[in-house]
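Q: Numbering of the sequence shown is given in our numbering, commencing with residue 128 and proceeding in unit increments.
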Amino acid sequence: MRDRAFPWLTIAGGALTAIVLRPSAARAAARHHPSRPLFDLGRPTPSTVRTIVSSGWSRPRGDRLHRALDIPLPLGTPVLALDRGVVARVQRVDAGDAGRWLAVRHPSGLTSRYLHLSRTLADLEQPVERGDVIGFSGSTGNSAAPHLHLDLRVPAALLPSVERAVSKPRTGWGPAMSPWGHSIPGEPWVPVDGYRPIVERDARVAGIPLHGPGLRNGALVYHPVGERGEPYPDWLRALRGSSGVYIIRDRATREIIYVGESSTGRLYATLTRHFQGWRRWKGFWRGQYAEGHDPGLTYPRGACEVAVRVTSPADALNDEARLIRRLRPRDNVIGQPTDEEAIPF
Ligand SMILES: [Zn+2]
């Protein structure tokens, strides 16, 4: 009883979309990709189940804050492991606030917990795969109606990585709970249909920076691109065939120099031409590009570092525009911004 039909597709943008579009090249890109998502998680329910999140991160709950996703589900809906892991807890008796519940520890260090179940299906220390049915939804414990309370917890050592990926919620990380670690927001990682409006509203009220669809998991990690004449690094060459956005910055001063994109699967070529000074010298680009997309801006490789985000072709242009507005790169042509979009960072 598994649900493996595109378990991530609902909200997984970026590299994952690229994986679907171009299996081998994009998989290589994801492996080496500098801004690979911190957690790639599947859905907690079969893909045929359409549901929402009724309560998100840090919504007030009595005198506490709710640090989980509440997902209303018909009684007995299969509940799926978000990812590969080992069952770290099974509570088969309906006792306490959590009722029947279980926890799965994943190789990344993340633990996912599934509360209020009507029935648990997995055994303690049982290995599970992403999409395995580990229980059925219920309303056990402190629950008014059938729903899945899904929370994500990490050890303290992982919090800095989480902060880099989603920023630190103003309300703070959840208190450490032995042995499960600190609560982290599930919203950026767990694909659930229709969760966004409610979660975004909650996040706004609580002052939590969530990433937009095109910028999710959006920590930008910069890497050097080698010296002139050297082969490009593997992660960069793995971008062949991908679409996405790139940011070039000065290694010494960290000044953001240029933001560009390719929505036609030419991310590698579009990015590397910035380091091909001879082409500019020969007038190679003249007349080939529309105004505002002059690719003739070339930079000395050794002095630059680059952050890349692989996206779907459709997202590349939007992401580029947002990054330009957010980062105000030195060399991009920036028109008068007409809409001061609130950038969720
Ligand atoms: Zn809950």
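Even glycine gets a Cβ: it sits at the ideal position worked out from N, Cα and C. Given the structure is predicted, the values throughout are model-derived calculations rather than measurements.
Check whether the segment 390-403 and the segment 361-373 are in contact - that is, three or more C-beta pairs closer than 8 Å.
A: yes
Q: Is the beta carbon of R219 less than 9 Å from the beta carbon of G268?
A: no
Q: Below 8 Å, can you find three or more Cβ-Cβ pairs linking the segment 193-202 to the segment 176-185?
A: yes
Q: Quick check: the Cα distance between R119 and I383, rounded to an integer number of angstroms?
A: Nothing about residue 119 can be read from this structure; the chain reaches only from 128 to 472.
Q: Can you round the beta-carbon distance between V255 and P205 to whole angstroms, since I take them to be within the 8 Å contact cut?
A: With a Cβ gap of about 13 Å, V255 and P205 do not count as contacting.
Q: Less than 8 Å between the CB atoms is what I'm expecting for G262 and Y241, so what's the real figure, rounded?
A: 6 Å
Q: Could you check if D197 belongs to the surroundings of ligand 1, using beta carbon to heavy atom distance under 8 Å?
A: yes
Q: Between which two residues does the alpha helix (DSSP H) containing V293 stretch?
A: L286 to V293
Q: Does the Cβ of L192 lie closer than 8 Å to at least one heavy atom of ligand 1?
A: no
Q: Rounded to whole angstroms, how far is the Cβ of V176 from the Cβ of L209, which I believe are closer than 8 Å?
A: About 14 Å separates the two Cβ atoms, so there is no contact after all.
Q: Can you have a look at P312 and say buried or exposed, based on whether 16 or more other CB atoms are within 10 angstroms of its CB?
A: buried
Q: Which runs of the beta strand (DSSP E) fall wholly inside the segment 192-248 and span at least 3 residues, in chain order?
A: 196-199, 205-207, 212-218, 227-232 and 238-247
Q: Identify the continuous beta strand (DSSP E) that holds I179 and give its terminal residues.
A: Premise fails: I179 is in no beta strand (DSSP E) and is neither H nor E.
Q: Along the chain, where does the alpha helix (DSSP H) containing A441 start, and where does it finish?
A: P440 to L454
Q: Give me the Cα-Cα distance between P360 and L424, rounded to the nearest whole angstrom.
A: 21 Å
Q: Does F166 come out as helix, strand or coil in the three-state DSSP assignment?
A: coil
Q: Thinking C-alpha only, which one of T380, H233 and A249 is nearest V217?
A: A249
Q: At a cut-off of 8 Å, would you count S182 as near ligand 1, judging by its Cβ distance to the nearest heavy atom?
A: For ligand 1, at least one heavy atom lies less than 8 Å from the Cβ of S182.
Q: Which whole-angstrom value is the C-beta distance of I198 and L275, which I expect to be below 8 Å?
A: 5 Å
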